[in-house]
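Report on the following structure.
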């Protein structure tokens with residue numbers, strides 16, 4: 001006879017958080033991909049990339065059986081967002097130019113994936129090539145927590161340094177933004193666009209200290225952890241990924257308007273056809289993006 005226990009409660013908590021996160025991520029990413037007003041701006045490309053990578057981490061945590069090689073990506077994405085804002089404030093003319101940005105997006109969002117892949121593979125081969133008595137397959141399993149003793153310091157420091165560096169870089173970005181003389185001469189509409197791009201990322205980045213860094217360190221260094229405490233700490237890390245998307249949905253006016261326009265009307269009319277508008281329509285009606 002089936003008996004509900006603490007493990008089932010833990011897994012159900014992860015599943016509920018994962019479902020909520022995907023309910024937010026899927027409309028967000030689809031809106032960015034389908035609305036040309038958002039597709040032509042690089043910061044929305046970054047939002048979509050970060051959301052997709054965060055979504056993959058949610059899958060890893062919810063199912064608790066996927067490969068470890070991608071799990072460090074959640075720690076690297078806040079730094080990626082901070083670097084993107086630093087590039088935007090330092091090389092604004094190039095960043096906001098309408099030139100193709102596929103290479104930029106590939107490099108910026110591909111780097112965390114490659115670093116995560118490298119960390120996972122290094123850990124795997126160190127276990128495989130040394131006689132430490134550990135199963136190499138377990139080193140790729142998210143739920144095993146198996147990291148080679150000689151590699152554990154480098155593994156965790158990579159994540160934690162990235163989590164600490166993200167707010168530091170963003171503080172520099174906010175200082176440069178505050179002292180940028182161009183902002184004083186900018187139009188009100190432009191100031192709103194810049195604020196909508198910076199503020200959600202700033203709030204989300206500083207939340208990483210409390211929702212990612214501290215829980216991750218406690219999971220590593222606490223000598224004994226109850227199942228309840230472990231569940232809460234992992235839940236905080238999932239909540240951070242959800243908070244990133246919620247920050248943009250509530251703090252970015254343009255994205256909020258586009259999501260409402262696309263999905264609220266979609267549910268009312270019960271069809272999505274009206275939203276698939278040709279690019280030629282937008283080229284005639286949309287204002288020029290600077």
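Numbering (full-length UniProt numbering), first residue to last: 1 to 290.
Even for Gly, the Cβ is constructed at its ideal location relative to N, Cα and C.
Look at residue 96 here: in three-state DSSP terms it is coil, with no helix or strand label.
When DSSP states are grouped into helix, strand and coil, residue 147 belongs to the coil group. Around residue 44, the same chain offers 32, 38, 255 as residues with beta carbons nearer than 8 Å, after the five sequence neighbours per side are excluded. Minimum Cα-Cα distance from residue 95 among the listed residues 228, 197, 258, 166 corresponds to 197. For residue 115, the closest C-alpha among the options 80, 28, 41 is that of 80. The straight-line gap separating the alpha-carbon atoms of residue 41 and residue 158 is approximately 30 Å. CA-to-CA, the gap between residue 200 and residue 24 works out to about 15 Å. Using a C-beta cut-off of 8 Å, the stretch 240 to 251 makes no contact with the stretch 116 to 127, since fewer than three inter-stretch Cβ pairs fall below that distance.
Judged by DSSP secondary structure, residue 113 falls within the alpha helix (DSSP H) whose first and last residues are 102 to 129. In this model, residue 48 and residue 55 are separated by some 10 Å (Cα to Cα). The beta carbon of residue 163 is closer than 6 Å to those of 75, 208, 212, 213 in its chain, skipping five residues each way along the sequence.
Within a 10 Å sphere around the beta-carbon of residue 234 sit 16 or more other beta-carbons, which makes this residue buried.
Inclusion of residue 180 and residue 89 in the CB contact set at 8 Å is warranted, their separation being smaller than that value. Just measuring C-alpha positions, the residue of 151, 161, 101, 173 sitting nearest residue 124 is 151. Setting aside the 5 residues that flank it on each side, residue 111 is surrounded in the same chain by 76, 80, each with a C-beta closer than 8 Å to its C-beta; the list follows chain order. Within 10 angstroms of the beta-carbon of residue 166 lie 16 or more other beta-carbons, which makes it buried. Between the alpha carbons of residue 92 and residue 183 lies a gap of roughly 12 Å. For residue 204, the uninterrupted alpha helix (DSSP H) run begins and ends at 188 to 208, by DSSP. Distances from the alpha-carbon of residue 21 to those of 51, 188, 219 put 51 closest. In terms of Cα proximity to residue 253, the closest of 86, 188, 195, 241 is 195. Distance check between residue 9 and each of 227, 129, 241 places 227 closest, using alpha-carbon atoms only.
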